[in-house]
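S.K.:
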Amino acid sequence: MHDLKKEWAKKVPKYSLKFKPLFEKLSQKYGAEGEKKNSRGKYFSNNYELYIYAFFLGLYKGEKIPLLEDEEKEDFSHPIDRWGSKSTNSRKDFTELQDYMFMAVVAETEFDFHRMEIGKDTSASVTKKLITTFESYANGGLHLISESYEDSSNFFLKPTAFLDFIADKSAYSASTAPPFP
Amino acid sequence: MYIKSISIQNYLCYYGSKKVLLSPKLNLILGDNGTGKTKLFEAIHWLLNGCVSSDLVKRVSAKAVHETAPGDNIRVSVSIKAMQFGEEKHLERFFEVKKISEDNLILQDSGLQSIITSADGRKRLPGQPILDQLFPIAVKQYLMFKGEETLNVFGNPSALNVLIESFSKGKHYPKYSDKSSFLVKKSQDAIDKDQRTQHKNNKEFEKIAADIKLLESNFNRSTEKVKALEANKDKADGRIKNHEAFIKNAEKLRSFNNRIENIETSINKEESRIDEEYTTYLFDKKWILNRFAPYQNAFLEKVTQFEKNKRREEKKFQEAIIEKLSDEKAAEKLVLQKMLPLHLPGKSYVEEMISSHQCGVCGTDAPEGSAAHQFMVDRLTEFQADISKTKKERAKDKVLYQKNYIKELLFLRSKMERESNVNIDKDNEIQDLLEFNEARKLKVLKLSEDLEEEKTNRRRVLSSSTIAEQKLLDVMKSYGPDKDTSKDAENDIRNLHIDLKNDQAKLIELNKQKDAIVRKTGNEFLINTRDILKDVKVIFDDTESRVYSEFVEELKSRSNTIFDRINVNAFTGRIEFKIVKSHGRPEIQIGLIDSNGNSFSANKSLSTTMYMAVLFAISDLSKSGADEFFPIVFDAPTSSFGEAKTKEFLNMVSDTEQQRIVIFYDFVEQDNTGRSIVKSEFHEVERGKAYLLQLERPFDREKIETLNTLIEEI
Chain A
0 MHDLKKEWAK
10 KVPKYSLKFK
20 PLFEKLSQKY
30 GAEGEKKNSR
40 GKYFSNNYEL
50 YIYAFFLGLY
60 KGEKIPLLED
70 EEKEDFSHPI
80 DRWGSKSTNS
90 RKDFTELQDY
100 MFMAVVAETE
110 FDFHRMEIGK
120 DTSASVTKKL
130 ITTFESYANG
140 GLHLISESYE
150 DSSNFFLKPT
160 AFLDFIADKS
170 AYSASTAPPF
180 P
Chain B
0 MYIKSISIQN
10 YLCYYGSKKV
20 LLSPKLNLIL
30 GDNGTGKTKL
40 FEAIHWLLNG
50 CVSSDLVKRV
60 SAKAVHETAP
70 GDNIRVSVSI
80 KAMQFGEEKH
90 LERFFEVKKI
100 SEDNLILQDS
110 GLQSIITSAD
120 GRKRLPGQPI
130 LDQLFPIAVK
140 QYLMFKGEET
150 LNVFGNPSAL
160 NVLIESFSKG
170 KHYPKYSDKS
180 SFLVKKSQDA
190 IDKDQRTQHK
200 NNKEFEKIAA
210 DIKLLESNFN
220 RSTEKVKALE
230 ANKDKADGRI
240 KNHEAFIKNA
250 EKLRSFNNRI
260 ENIETSINKE
270 ESRIDEEYTT
280 YLFDKKWILN
290 RFAPYQNAFL
300 EKVTQFEKNK
310 RREEKKFQEA
320 IIEKLSDEKA
330 AEKLVLQKML
340 PLHLPGKSYV
350 EEMISSHQCG
360 VCGTDAPEGS
370 AAHQFMVDRL
380 TEFQADISKT
390 KKERAKDKVL
400 YQKNYIKELL
410 FLRSKMERES
420 NVNIDKDNEI
430 QDLLEFNEAR
440 KLKVLKLSED
450 LEEEKTNRRR
460 VLSSSTIAEQ
470 KLLDVMKSYG
480 PDKDTSKDAE
490 NDIRNLHIDL
500 KNDQAKLIEL
510 NKQKDAIVRK
520 TGNEFLINTR
530 DILKDVKVIF
540 DDTESRVYSE
550 FVEELKSRSN
560 TIFDRINVNA
570 FTGRIEFKIV
580 KSHGRPEIQI
590 GLIDSNGNSF
600 SANKSLSTTM
610 YMAVLFAISD
620 LSKSGADEFF
630 PIVFDAPTSS
640 FGEAKTKEFL
650 NMVSDTEQQR
660 IVIFYDFVEQ
670 DNTGRSIVKS
680 EFHEVERGKA
690 YLLQLERPFD
700 REKIETLNTL
710 IEEI
């Protein structure tokens, strides 16, 4: 079976070790929902949610920052194909986002499809390129989040903060609504 | 009677022996907090009332215990010297303990003793009779008051009866009334007995007698019922009257509370509808894809390009192969190959066709050397060569692309072409939720403002009320049912009175008939006797009721005179006394009414002066009953007054024939060494004698054994 998406999704992408504190601040390591998530001051239920968010943010903002060879890296031992599979009442499955992430990395990665199809290049080498693109955008997104957080740790206190940050803020008139009393 | 002096020895903070000389009029004892005011009050109370012997050792001065060597005794006593009917009476309550250690004291002796000094000399007497002479049991409960709360003597339901018993001629009447009832019954029994003998066989008489008995029994039952209903009605009316001053505020409070509860429910409801899980929805509702369209298009284009390129390269590749096959046969072969797979028909079948020189498919003869025969031989050769190739060699010969990654990419492309709009266009959905939440927040904001306004209104009601919130709510709860109870009782009483009136008329008629029969037999003497006794009973009953009313009127009049004197130049209203029956016994309720007869609720200091006026009026009455005054002791009776009003009040009550001892904390301040001193304003307060309580210095606040109260005359 020649399935590039499957091969890509088996990978465990990495991020720079310097962003580990950001993951600790913003996401719940072992998953938490609703009150529990909020009471711990977390915004994301899982580390991979933050990673996905960072990827799309980097993608939309054009922030593609490859991880350096000598940079210390970290991962959360969770291959992409497991991201978003939910079975709780409060959350929905969002494994479908994997398709979109894959499409984006395919669209954004330069590789010789012909050479791969005729067998001259291995799929592993292409997959590596795809993962590099994936990690680069996520890294770019993490840089953006980190900078905003450093500027003001209150940056994400507003409930719409992450939505505004990733969406075109001006598109939503209600986002200027007064803060909740 | 008045107390000339009080002596205290080793009683709690009063270490050693202390003596206070008192004036027959107003005596003031001042003291800062913690200097022993209440202990002095308790010492006098102990002298008058005693305590259980197990409590005695708790009253020993800690300093005395500390200063006494183990094995030695400590004597504790409180005594007074009082003047009564020209005699000086010395009354002492005492006990002695032996110190074993600091915390082990053994009671040795205790008692109450007295010495009387008169023109005949001195004599020692048992204490209890002298105590009862000095402070008769009936008046003792009106002599000592601790704090403002205890001043309402009518808070005790038996107070009126005790007062009547002690001070009113009315006390004599109930027994006469009971006796006359007894005599009326006896005289009636005598008539009945006589008639039963005389009219043994008079059926008419027996019937009338039986009817009377039945009617009387009904009459009594109804009377009891009326009494019970009246008692219930009185109670309900009493509560209604008390609650009337508060009912408006109570209604307002209930209405504000209801509104507050409704608003809070609405706020909770609106808040629970606010859904701000925006970050979660980036994933669960795929809002994160809202700007994804360009990337998806890029992907679709790229895959389309891959596919195009692949088809083009594949075509080129096939064309190159065909070119390589130069001869027509090869081309035919290729055509045939394309028509029929190489492995069909099978190897053994082709071998059989070759050896039989006949085509097994169409039945044509294929002799050796014929084209058909040669075709079959070539086909077999080709097949054998083909099966000897590796799988890889065979595939390479026919296709350019060894891999088929395009298939899954195309699958993903077609899936996206079907669904992309569903997932990517989220603007409306996001906008809708934001607007929905904003509208909820605005509503909550508006409701919060309303809530604050209602809470302010509620605070206003509570601050204008003299009773606390829970009491106001209780007023609201009982007011309606009390009104119903009172109205129902009134109706029932009215109906019962009609029944009673009818029964009474029937009884009179039946008795007349009975008396007519009796008179015929000549026993008129018995009937006349009974009628006289009946008249006597009516006289006693009426007199008793009148004496009660007169007593209460007298108390009211005296109380109001004193009340006016205490509160000169201030609006006070008048004290109203109402006799209500509770469980068949008369009780007094007192309150204030304005000039229109409407009741109103008094503030605390006005209530205090009202209760005190009643108290002084009772003292006046006690004088007219026992022909002497008794001293009254107050501990902190004016705590709600403030110094200015206290001064005014004391000046009013200083002009009295009755001895009064008032213990309080006003007019005291501390100098720079921490010692208590009396404020200059106090010199304007009229009094007989005044004392300042002061702790002996130095002392350690944390060591009770260092405390000793000194009594300094001002």
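Just so you know, the sequences run in chain order A and B. Numbering that gives the first Met the number 0 puts the first residue of the first sequence at 0, with every later residue one more than the last. Numbering that gives the first Met the number 0 puts the first residue of the second sequence at 0, with every later residue one more than the last. All residues carry an ideal CB built from backbone N, CA and C; glycine is no exception. This one's a predicted model, so the numbers in the text were calculated from it and none came from an experiment.
Is K88 (chain B) closer than 7 Å to I105 (chain B) when the C-beta atoms are compared?
M.R.: Taking 7 Å as the Cβ cut-off, I105 (chain B) and K88 (chain B) do not qualify as a contacting pair.
S.K.: For K337 (chain B) and chain A, any beta-carbon pair shorter than 7 Å?
M.R.: Caution applies to K337 (chain B), whose pLDDT of 49 falls short of 50 and renders its modelled position unreliable; the model cannot decide the point.
S.K.: Check whether the Cβ atoms of I423 (chain B) and E306 (chain B) lie closer than 7 Å to each other.
M.R.: no
S.K.: Extract the residue ranges of the alpha helix (DSSP H) inside the region 70–140 of chain A, only unbroken runs of 4 or more that lie entirely within it.
M.R.: Segments of the alpha helix (DSSP H) lying fully in the region 70–140 of chain A: 96–107 and 112–116.
S.K.: Is it buried or exposed, V152 (chain B), if we count other Cβ atoms within 10 angstroms and call 16 or more buried?
M.R.: buried
S.K.: When you compare the CB of R290 (chain B) with every CB in chain A, is at least one pair closer than 7 Å?
M.R.: yes
S.K.: Specify, as a first and last residue, the run of the alpha helix (DSSP H) that V77 (chain B) falls within.
M.R.: Here V77 (chain B) belongs to no alpha helix (DSSP H); instead the beta strand (DSSP E) covers N72 to Q83.
S.K.: I'd like to know whether the C-beta of F282 (chain B) is nearer than 7 Å to at least one C-beta of chain A.
M.R.: yes
S.K.: Taking C-beta to C-beta, are T126 (chain A) and E6 (chain A) nearer than 7 Å?
M.R.: yes
S.K.: Using a Cβ-Cβ distance cut-off of 7 Å, determine whether F298 (chain B) contacts chain A.
M.R.: yes
S.K.: Going along the chain, which residues of its own chain have a beta-carbon closer than 7 Å to the beta-carbon of I287 (chain B), five neighbours each way excluded?
M.R.: L281
S.K.: Residue range of the alpha helix (DSSP H) that F698 (chain B) falls in?
M.R.: Premise fails: F698 (chain B) is in no alpha helix (DSSP H) and is neither H nor E.
S.K.: Just to confirm my understanding: we take D619 (chain B), look at its own chain, exclude 5 residues before and 5 after, and list those with CB closer than 6 Å. What are they?
M.R.: R557
S.K.: Given that a residue counts as buried once 16 or more other Cβ atoms are within 10 Å of its Cβ, and exposed if not, what is F40 (chain B)?
M.R.: buried
S.K.: Tell me T560 (chain B)'s beta-bridge partners as DSSP assigns them.
M.R.: Answer by DSSP bridge pairing: none, since T560 (chain B) is not bridged.
S.K.: Listed from N- to C-terminal order along the chain, which residues in the region 399–425 of chain B have their beta-carbon within a distance smaller than 8 Å of any beta-carbon of chain A?
M.R.: L399, Y400, Q401, K402, N403, Y404, I405, K406, E407, L408, L411, K414, M415 and N422
S.K.: Kindly list the residues whose CB is nearer than 6 Å to the CB of I719 (chain B), restricted to its own chain and excluding five residues on each side of it in sequence; keep chain order.
M.R.: A question about residue 719 (chain B) goes unanswered here, because the residues of chain B that appear run from 0 up to 713.
S.K.: Can you give me the C-alpha to C-alpha distance between L111 (chain B) and K212 (chain B), rounded to a whole angstrom?
M.R.: Cα to Cα, L111 (chain B) sits roughly 59 Å from K212 (chain B).
S.K.: Please specify which runs of the alpha helix (DSSP H), each continuous and at least 4 residues long, are wholly inside the region 496–568 of chain B, giving them in chain order.
M.R.: 523–565
S.K.: Which word fits F524 (chain B), buried or exposed, when buried means at least 16 other C-beta atoms lie within 10 angstroms of its C-beta?
M.R.: Burial call: exposed.
S.K.: Cβ closer than 7 Å: which chain B residues qualify as neighbours of G118 (chain A)?
M.R.: Going along chain B in sequence order, the residues near G118 (chain A) (Cβ under 7 Å) are Q401 and K402.
S.K.: Chain A beta carbons: is any one of them nearer than 7 Å to that of F305 (chain B)?
M.R.: yes
S.K.: Report yes or no: is there a C-beta of chain B within less than 7 Å of the C-beta of R81 (chain A)?
M.R.: Not an interface residue.
S.K.: Which residue or residues does DSSP assign as beta-bridge partners of Y59 (chain A)?
M.R.: BP columns for Y59 (chain A) are empty, so no partner.
S.K.: Taking 7 Å as the CB-CB limit, is I287 (chain B) close to chain A?
M.R.: Chain A places a beta carbon closer than 7 Å to that of I287 (chain B), counting this residue as a contact.
S.K.: Buried or exposed: where does S464 (chain B) fall if 16 or more other Cβ atoms within 10 Å of its Cβ makes it buried?
M.R.: S464 (chain B) counts as buried, since at least 16 other C-beta atoms from the protein chains shown sit within 10 angstroms of its C-beta.
S.K.: Does the distance from the C-beta atom of F245 (chain B) to that of E453 (chain B) stay below 7 Å?
M.R.: no
S.K.: For N248 (chain B) and N650 (chain B), I'd like the C-alpha separation in whole angstroms.
M.R.: 37 Å
S.K.: In whole angstroms, what is the alpha-carbon distance linking F179 (chain A) and A292 (chain B)?
M.R.: Caution is warranted here: a pLDDT of 33 is assigned to F179 (chain A), below 50, making its placement in the model unreliable, and no coordinate value can be reported.
S.K.: If you run the structure through DSSP and keep just helix, strand and coil, what is V398 (chain B)?
M.R.: Residue state, collapsed to three classes: coil.
S.K.: If we call anything under 7 Å between Cβ atoms a contact, is E95 (chain B) one with S76 (chain B)?
M.R.: no
S.K.: For chain A, find out if any of its Cβ atoms is closer than 7 Å to the Cβ of E275 (chain B); answer yes or no.
M.R.: yes
S.K.: Mind checking whether I79 (chain A) and A8 (chain A) have CB atoms under 7 Å apart?
M.R.: yes
S.K.: Using a Cβ-Cβ cut-off of 6 Å (strictly less than) and excluding sequence neighbours within five positions of R253 (chain B), which residues of its own chain qualify?
M.R.: M475
S.K.: Taking the CB atoms as reference points, tell me whether I662 (chain B) and L691 (chain B) lie closer together than 7 Å.
M.R.: For I662 (chain B) and L691 (chain B), no; Cβs fall outside 7 Å.
S.K.: Can you tell which of B:K513, B:V613, B:I492 and B:R529 has its C-alpha closest to the C-alpha of K226 (chain B)?
M.R.: B:I492
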